[in-house]
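J.:
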Amino acid sequence: MKLSMTLMVLMLLATPLSGCLEQDATVDECTVLPPGHDDDGTLRILTYDITALSEQVTDEFTNQTSIPVEMIKVDDAGGILDQMMLTKAAQQADLMIGLDNTYLPTAIENCLLQPHTTSVANLSASASTFYDGPLAVPFDQGDVCLNYDEDALSEANISVPTHLSNLTEEQWKGKVAFPSPVSSSPGRAFLVATMEYFSHQSEGDAMTWWSAMIDNEAIITSGWTEAYETHYTGGYGEYTEGYIGDAWMTVSYCHSPGVEAYYSGNYTHSTSLMLEHANFHQVEYTGLINGAAQTEGAQLFMDYLLSEEINANMPENNLMYSVLEGYDLPETDGYRHHADVPNAVTTMSYEEIATNMETWLQSWKTTTQQA
Amino acid sequence: MRQTPRWTPRFVVIFAYLTLASLPFILALVRLQVVTGHTPIEAFWRFGGVYGASEALTFTLIEASASALLTIIIGLPIAWHLGRHEWRAAAWYRAIFSVPFVMPAIVAAMGFLLLIDNEGMLFALGLDFRTETGLIGEVAERTGWQHPGHFLALVFAHAWFNLSLMIRFVEPTLARLDPAWEEQLGLLAQGQTRLGRIRHLWWPVLGPAVLCAASLSFLFSFTSFALVKWLTPFNNTLESLMAKSGGSAGIENYRVDTSEIVMSASIVQCLILLAALYLTATLQQRHSSRFSLISESGARATRGPPHWKGRLIVYSGLIFAIAPMAAALLASFRVRHGTIGTGMSYQWSSAGWSAAWSGDLSTMGIGEALGHSLLYAVCTLCIALPTGWLLASTIHALELQNRPKLAKALDVATLLPLAVSAVMVGLGVLLGVLKWMPSLFQWDLLPVLPHVILTVPFVVRVMLPAMRSVEPKWSEQATVLNLSPLRSWYHGYFSFVRGPAVVASSLTVAFSMGEFGASWLLVRAGSWDTLSVVVDQLMSRPKFDPLVQPAAMAAASVLMMVTFVLFFLAERFRPEGDGGGF
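Going down the list, the sequences are from chains A and B.
Its first residue numbered 1, the first sequence is counted upward by one per residue in our numbering.
Its first residue numbered 1, the second sequence is counted upward by one per residue in our numbering.
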């Protein structure tokens, strides 16, 4: 009785407040918003734990420009979009780094970014294909695809899959880990890859395949880290506390085996599954936040990120490809040798992603829930 | 004459606190209503259809009940033997048993993972809780129980975490029980059998304390997040489900599904926890009234030193309490050499500590992060202690004025923050600050706000039983000594509650230092990271670098050691027979 009374009181309190909490009127056309916070001379960057953005890198920027830098860190790329959406009325950061091409259309549609003046003349074609507008600049890139443990397959005497439907067979039961597309950006990228893959097949469709994968006890994790570090047998998870090692295959980058080799003295038993169109070219962007206070510092930092100084060491410092022409992975310790390059890359257009992403996610949720 | 309390300033502070404590939840609820288009009642009824919610609720209820039961099974024998005999190092033991309760959950999770992994102690004993081979695998295969190892690891971790609740509630009652009661019962027919003694003596005396500790264990296991995330990767509690969805909740025309999850789950969770808290408050009141003024030292001396069985149980308990922390400390010195390809080996080295102190691997060194944590903790203490004190003294004053219903209502209201999900607190604070004062985001001490909300209930829980035990005549006697009002208050009142006040302070500081959940939900610049945030940042780095793990464990060890020191200091002020509350 008292509990229900308490709930009723909370609800009664909640009702009159609802009017004053509704969000500001929707902006029909994107206009540059006034600063959401005071400009105290510090550049605030909204990002996730991108390894390239070390203290050394930000200190160097501060030495060059005398602009101090502070990081507002969230869990992942999705967290950057969530944070910008939540604080739309009063943005607390000036620059975002890390939204990828599965999230960028949503950010642009919601007027979360404002035009920048950074020069993008020497961008590689692969980095600029998806979006070359004035609201975001590519920062790094890589192809998302399935990675598998060669040793595990060899020991179990299982053939390398030649079609995604092979993964729905009994021998793969409980042996594939996927980061959820609902909460993970590589997971989202791979969902897009499956849409593209099945659009090139004469039979079957992506959602039927996902349903069959759930029936085959595929492991779904909330993020890439859990899938790769905790479950995947082919990666560096063995170094990690909490490693379970129950999945022979997972979603990562096609060059992840190269990274494994680079850090393990040219040794890896992980490799990429090179199925045509079963991959997605991911580009991560940086952009000036609409509502930024330190726009000058943000512009300078964008220029700094696209400098040769940063891009020359992108594969070692950020474990991703540079977005500039003329830079590739290093040969050191088998980095380039073990990094796979897909033949037919999924290059879904900006419009396709913008139009369909939410529908695909909803379908995926419904499908996996019903399976 | 006992002075009549000044009600107006009291109620201003109480109103301010209750507003502060409930407003984030209301703000979050209102925003979620706007986003989803459902009223709270509709959201409650839609719970069953929300993605993953029913499974999460089932798992949460099972694991929380099992955790509470295991806490009783492990904690009661320890409390029994610790309370009934003369232990030379009793203060040390109590402090050791207390530390797990204030350990940051991520540190506890790492400690348990170190114990159960393939090179851990339990694996060597044939118990593979992680990859579930051997005996655990056999259980899984024969019973069809999915991941029993993960579940057992979680339940044991929760029992470890809540062990101090059982000891803090039960041990003081036992320690002050007059041995003559047992002797007299032994002469009666009802005391001839063990069952009779339990029924006629132990259950009436210990029952409320045991149930109170169990209901709080249930509550803390119910809201577990980090331990669930790390130890049972295949399952969600309602809290972990909300935490995974919370980031994108509350945004109009975007990911409405996550808002639905958070809204429905938070309402169901709040109702269940309110019931648990009501039970806790009722039991604690009954438990407080059962205290009698029997000398602890006298009672202990009558029963003498512990026998071998008692020693075995208490020492085993100490090993259980220390093991995860010791594992984390050892791991801070254990550095990997080589790779999977070339073959791995481990060497003992302080390189992890050097890396952690210099900040090579994180945005800042642990010295700086410790400074931030201490500053937050001190600020939290400065607000939470007087607020909690005032709330507790008001509840007690209402009880003395024979207004039990109002006293009970206020008592339960102070516990409300414990019933609200950290996700809702974070979202509510964020929405409130955004709406009314966005410039607060640039204020480095903003995390103090959720810390205060979350620590005040503990101050009340510690201070209230202590205030109930102070006889009004002591204040009256001090008044007639012609002392200044301040000295009169000090000698006639404060000196009797000084010990619990120190315990409450140390608990507040320790909680604030270990708090992680509410801090990371706020939009803050990273230059003010706390120690627990640094531990989490380090743990999320790729482990190619062999120093990442030792550095994270070094940061966690600093946090553990500071907590140890706080509790040992608090034990020095703990009065004889006082349970230290909670």
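All C-beta atoms in this analysis are idealised placements derived from N, C-alpha and C, irrespective of residue type, glycine included.
Would you list the one or two residues that DSSP bridges to arginine 334/B?
T.: In the second sequence, the residue the question calls residue 334/B occupies position 334. Paired residues: Trp348/B.
J.: Is there a C-beta anywhere in chain A that falls below 7 Å from the one on threonine 223/B?
T.: Translated into positions along the second sequence, residue 223/B becomes position 223. False, the Cβ-Cβ gap to chain A never drops below 7 Å.
J.: Which residues, in order along the stretch 147–172 of chain A, keep a beta-carbon less than 7 Å from a beta-carbon of chain B?
T.: So the list is empty, because no residue satisfies the distance condition.
J.: Quick check: is the beta carbon of tyrosine 236/A nearer than 7 Å to any beta carbon in chain B?
T.: Sequence index remark: in the first sequence, residue 236/A carries index 236 (1-based). Judged by the 7 Å Cβ criterion, tyrosine 236/A is in contact with chain B.
J.: Note down, in chain order, every chain B residue with its Cβ under 7 Å from the Cβ of aspartate 215/A.
T.: Start at 1 with the first residue of the first sequence, and residue 215/A comes out as number 215. Within chain B, no residue comes near aspartate 215/A; the closest Cβ sits about 16 Å away, beyond 7 Å.
J.: Taking only beta-carbon positions, decide if tyrosine 438/A is within less than 7 Å of chain B.
T.: Any question about residue 438/A goes unanswered here, given that chain A covers just 1 to 371.
J.: If you reduce the DSSP assignment to three classes, tell me which class proline 592/B lands in.
T.: Since the first and last residues shown for chain B are 1 and 582, residue 592/B lies out of range.
J.: Assuming tyrosine 48/A contacts aspartate 76/A (C-beta within less than 8 Å), just tell me the rounded distance between them.
T.: Along the first sequence, read from residue 1 onward, the residue named residue 48/A stands at position 48. Along the first sequence, read from residue 1 onward, the residue named residue 76/A stands at position 76. Contact holds; Cβ gap of about 5 Å.
J.: What does a CB cutoff of less than 6 Å around glutamate 284/A pick up in its chain, not counting 5 residues either side in sequence?
T.: Counting from 1 along the first sequence, the entry for residue 284/A is found at position 284. Excluding positions up to five away in sequence, the list reads Gly98, Asp100, Phe139, Asp140.
J.: Since valine 323/A and serine 124/A are thought to touch, with beta carbons under 8 Å apart, how far apart are those beta carbons, to the nearest angstrom?
T.: Residue 323/A sits at position 323 when you count from the first residue of the first sequence. Residue 124/A sits at position 124 when you count from the first residue of the first sequence. With 8 Å as the limit, valine 323/A and serine 124/A qualify as a contact, their Cβ atoms being about 6 Å apart.
J.: Tell me the rounded alpha-carbon separation between proline 306/B and tyrosine 93/B.
T.: Position 306 of the second sequence, counting from 1, holds the residue named residue 306/B. Position 93 of the second sequence, counting from 1, holds the residue named residue 93/B. The alpha-carbon atoms of proline 306/B and tyrosine 93/B are separated by roughly 14 Å.
J.: At a Cβ threshold of 7 Å, is aspartate 82/A touching chain B?
T.: On the first sequence, residue 82/A is found 82 positions in, with the first residue counted as 1. Contacts with chain B at 7 Å (Cβ-Cβ) include aspartate 82/A.
J.: Could you check what DSSP says for leucine 127/B in three-state terms: helix, strand or coil?
T.: What you label residue 127/B is simply residue 127 of the second sequence in a count that begins at 1. Reduced to three states, the DSSP call for leucine 127/B is strand.
J.: Kindly list, in the order they appear in chain B, the residues whose Cβ is closer than 7 Å to that of methionine 85/A.
T.: The residue labelled residue 85/A in the question sits at position 85 within the first sequence. Residues of chain B passing the Cβ test: Ile251, Tyr254.
J.: Looking at the structure shown, is proline 179/A part of a helix, part of a strand, or coil, going by DSSP?
T.: Residue numbering aside, residue 179/A sits at position 179 when the first sequence is read from its first letter. Strand, per DSSP.
J.: Got a sec? Which residues, its chain only, sit under 8 Å from valine 265/A by beta carbon, not counting five neighbours each side?
T.: Along the first sequence, read from residue 1 onward, the residue named residue 265/A stands at position 265. For clarity, residue 265/A is glycine in the given sequence; the question names valine instead. Counting only Cβ-Cβ distances below 8 Å, and skipping sequence neighbours, we find Asp333.
J.: In chain order, what residues of the same chain lie with their CB nearer than 7 Å to the CB of valine 107/B, ignoring the 5 residues before and after it?
T.: Taking the second sequence and counting its residues from 1, the one referred to as residue 107/B is at position 107. Its chain contains Ala328, Val535, Ala556, Leu559, Met560 as the residues whose beta carbon lies nearer than 7 Å to that of valine 107/B, once the 5 sequence neighbours on both sides are disregarded; these appear in chain order.
J.: If you measure beta-carbon to beta-carbon, which residues of the stretch 261–294 of chain A are closer than 9 Å to chain B?
T.: Answer set for the stretch 261–294 of chain A: Ala261, Tyr262, Tyr263, Ser264, Gly265, Asn266, Tyr267, Thr268, His269.
J.: Looking only at its chain, what residues have a beta carbon closer than 7 Å to the beta carbon of leucine 566/B, apart from the 5 residues adjacent to it on each side?
T.: For the purposes of this step, residue 566/B is identified with residue 566 of the second sequence, where counting begins at 1. Answer for leucine 566/B: Ser506, Val509, Ala510, listed in chain order.
J.: For alanine 247/A, write down the residues that DSSP places opposite it in a beta bridge.
T.: Numbered from its first residue, the first sequence carries residue 247/A at position 247. Partner(s): Tyr232/A.
J.: State the DSSP-derived secondary structure class of arginine 168/B, mapped to helix, strand or coil.
T.: As a working mapping, residue 168/B is identified with position 168 in the second sequence. Here arginine 168/B sits in helix by DSSP.
J.: Using Cβ-Cβ distances below 8 Å, what residues of the stretch 430–464 of chain B are close to chain A?
T.: Going along the stretch 430–464 of chain B in chain order, one finds Leu430, Leu431, Leu434, Lys435, Pro438, Ser439, Phe441, Gln442 with a Cβ nearer than 8 Å to chain A.
J.: Measure how close the beta-carbons of glutamate 155/A and threonine 271/A come, nearest whole angstrom, since I'm counting them as under 8 Å.
T.: Start at 1 with the first residue of the first sequence, and residue 155/A comes out as number 155. Start at 1 with the first residue of the first sequence, and residue 271/A comes out as number 271. Their Cβ separation, rounded to whole angstroms, is 15 Å, which puts glutamate 155/A and threonine 271/A out of contact at 8 Å.
J.: Could you work out which residues of chain A lie near proline 324/B, taking near to mean beta carbons separated by less than 9 Å?
T.: Looking up residue 324/B in the second sequence gives position 324. Within 9 Å Cβ-Cβ: nothing; proline 324/B doesn't reach chain A, min ~12 Å.
J.: Return no unless some Cβ of chain B is closer than 7 Å to the Cβ of tyrosine 232/A.
T.: Start at 1 with the first residue of the first sequence, and residue 232/A comes out as number 232. For tyrosine 232/A, the answer is no, since every Cβ of chain B falls outside 7 Å of its Cβ.
J.: Along the chain, where does the alpha helix (DSSP H) containing leucine 241/B start, and where does it finish?
T.: Position 241 of the second sequence, counted from the first residue, corresponds to residue 241/B. Residues 238–246.
J.: What is the DSSP secondary structure of serine 184/A, reduced to helix, strand or coil?
T.: Mapped onto the first sequence, residue 184/A falls at position 184. Three-state result, serine 184/A: coil.
J.: Could you check whether the Cβ of histidine 357/B sits closer than 7 Å to any Cβ belonging to chain A?
T.: Numbered from its first residue, the second sequence carries residue 357/B at position 357. The question names histidine, but residue 357/B is tryptophan in the sequence shown. No - not a single Cβ of chain A is within 7 Å of the one on tryptophan 357/B.
J.: Between tyrosine 51/B and chain A, is any beta-carbon pair separated by less than 7 Å?
T.: As a first step, residue 51/B must be located in the second sequence, where it is residue number 51. So, interface residue.
J.: Please specify which runs of the alpha helix (DSSP H), each continuous and at least 4 residues long, are wholly inside the stretch 402–467 of chain B, giving them in chain order.
T.: Whole alpha helix (DSSP H) segments, 4+ residues: 404–414, 416–419, 422–436.
J.: Would a C-beta distance cut-off of 7 Å place phenylalanine 169/B and cysteine 212/B closer than the cut-off?
T.: In the second sequence, residue 169/B corresponds to position 169, counting from 1. In the second sequence, residue 212/B corresponds to position 212, counting from 1. Against a cut-off of 7 Å, the Cβ pair of cysteine 212/B and phenylalanine 169/B comes out as a contact.
J.: Could you give the first and the last residue of the continuous beta strand (DSSP E) run that contains histidine 163/A?
T.: As a position in the first sequence, residue 163/A is number 163, starting the count at 1. Looking at the DSSP string, histidine 163/A is not in any beta strand (DSSP E), and its letter there is neither H nor E.
J.: Assign alanine 180/B to buried or exposed, taking buried as 16 or more other Cβ atoms, counted over all protein chains shown, within 10 Å of its Cβ.
T.: Numbered from its first residue, the second sequence carries residue 180/B at position 180. Alanine 180/B is exposed by the Cβ-count criterion.
J.: Could you run through the stretch 333–357 of chain B and flag, in chain order, every residue whose CB is less than 9 Å away from some CB of chain A?
T.: Arg336, Gly338, Thr339, Ile340, Gly341, Thr342, Met344
J.: Let me know the alpha helix (DSSP H) ranges lying completely inside the stretch 89–158 of chain A, each 4 residues or longer, listed in chain order.
T.: Runs found: 104–109, 125–128, 150–155.
J.: With 7 Å as the limit, tell me which residues of the stretch 172–192 of chain A have their beta carbon closer than that to any beta carbon of chain B; keep them in chain order.
T.: Ser183
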